[in-house]
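*Asks:* Residue numbers (our numbering): -15 to 265.
Glycine included, each C-beta is placed from N, C-alpha and C at the ideal position.
Fair warning: this is a prediction, and the values are worked out from it, not measured in the lab.
(1) How long is the line joining the alpha carbons of residue 270 and residue 83, rounded to whole angstroms?
(2) Let me know the alpha helix (DSSP H) ranges lying completely inside the region 129 to 183, each 4 residues or longer, listed in chain order.
(3) Does at least one heavy atom of the ligand GTP sit under 7 Å from the Cβ of residue 57?
(4) Which residues in the same chain as residue 223 place their Cβ atom closer than 7 Å to its Cβ, once the five residues preceding and following it in sequence are excluded?
(5) Express the C-alpha separation of residue 219 and residue 204 in angstroms, rounding to a whole number.
(6) Identify every residue that forms a DSSP beta bridge with residue 104.
(7) Within 10 angstroms of the Cβ of residue 170, are there 16 or more other Cβ atoms? Answer buried if so, exposed if not.
(8) Under 6 Å Cβ to Cβ from residue 4, same chain only, skipping five residues before and after it: list those, please.
(9) Check whether the region 65 to 84 and the region 29 to 44 touch, using three or more Cβ-Cβ pairs below 8 Å as the test.
(10) So the alpha helix (DSSP H) residue 17 belongs to, where does it begin and stop?
(11) If you run the structure through DSSP and keep just helix, strand and coil, what is residue -6?
(12) Give me the Cα-Cα distance between residue 78 and residue 85, rounded to the nearest whole angstrom.
(13) Would you mind working out which of 148, 62 and 132 sits nearest residue 45, comparing C-alpha positions?
(14) Can you give me the start and stop residues for the alpha helix (DSSP H) that residue 66 sits inside?
(15) Assign residue 28 to one of three DSSP states: helix, strand, or coil.
(16) If residue 88 sits next to residue 199, beta carbons under 8 Å apart, how far is it from one beta carbon to the other, in whole angstroms?
(17) Does residue 185 pass the burial test, meaning 16 or more other C-beta atoms within 10 Å, or should it be called exposed?
(18) Evaluate residue 141 with the Cβ neighbour count: other Cβ atoms within 10 Å of its Cβ, from every protein chain shown; 16 or more gives buried, anything less gives exposed.
(19) From which residue to which residue does the alpha helix (DSSP H) around residue 50 run?
(20) List the whole-angstrom C-beta distance separating residue 106 from residue 217, where the pair is believed to meet the contact cut-off of C-beta under 8 Å.
(21) If you drop the 5 nearest sequence neighbours on each side, which residues of the same chain put their C-beta closer than 7 Å to that of residue 206?
(22) Identify which residue in 259, -1 and 180 has its Cα closest to the Cα of residue 157.
(23) For residue 228, does the three-state DSSP call read helix, strand or coil?
(24) Any idea which residues DSSP pairs residue 186 with across the strands?
(25) Do you know offhand how far residue 247's Cα is from residue -3's?
(26) Taking the alpha carbon of residue 80 as the reference point, which residue from 24, 68 and 35 has its own alpha carbon closest?
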């Protein structure tokens, strides 16, 4: 068993691990990690050079970095490989002042021992049968390439760092799920979405208030039809969470957002109504 840099030819192996874990990622999701940072991801291979584990990292404009996609082949679990993959990621990010991740309850126990602290809680909410009667009327309009500069400025304040390359990638992949409320200096919110193997995911959803967020999500959901949908929803607004449940969503799994080092760039979590995903932040 050894660890090495992840290469593009490893993407099919990464996808196979996703299918074994019933995760949602597509090839395009793996490829963006390798595009944004060709040196930032690792795989664990067995003696026959088969990929049996993965981990990814991203750096967000020197404000904080991110660890995601910690996956281990079910046949090789309980051998400490996941912990070693995490250590590989921390070595990549050893010069970063702040490292973040989204942890499952089981993973949290490991991360606490490595010095990670809780930031806030969120839930992956899913539905296979949308209750459309609770969708709201919406003033949201399509988010175009010309809107991305103003969206990026807004997003940097809310997310806590510049993630414009990811937002461009999101819009390119699913332009029919990208919406805004307001324009330019009067921008009040925006959302993106992406297709997945099991679900379409809506997020990030960023808004000045929950009413704007409802308009954005209603617009996006109307484009999803009857396919299963997930949103990663933070717990900061009970009325928002209650509305998501009225739409037919229920908790698929909980997460805890955690950080190691400083947390000088938390953004404004109260304006984040759904996250991009645990692999990205």
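*Replies:* Result, derived from the coordinates:
(1) Look at the range of the chain in this structure, -15 to 265, and you will see that residue 270 is not part of it.
(2) 132 to 143 and 148 to 157
(3) As for the ligand GTP, it is missing from this structure, which has no ligand bound.
(4) 194
(5) 21 Å
(6) 241
(7) exposed
(8) 58
(9) yes
(10) Where residue 17 is concerned, the enclosing alpha helix (DSSP H) stretches over 11 to 20.
(11) helix
(12) So the two alpha carbons sit approximately 15 Å from each other.
(13) 148
(14) 65 to 76
(15) strand
(16) With a Cβ gap of about 31 Å, residue 88 and residue 199 do not count as contacting.
(17) Answer is buried; the Cβ neighbour count reaches 16.
(18) exposed
(19) Premise fails: residue 50 lies in the beta strand (DSSP E), 48 to 56, not in any alpha helix (DSSP H).
(20) 6 Å
(21) Cβ within range, chain order: 119.
(22) 180
(23) helix
(24) 177
(25) 34 Å
(26) 24
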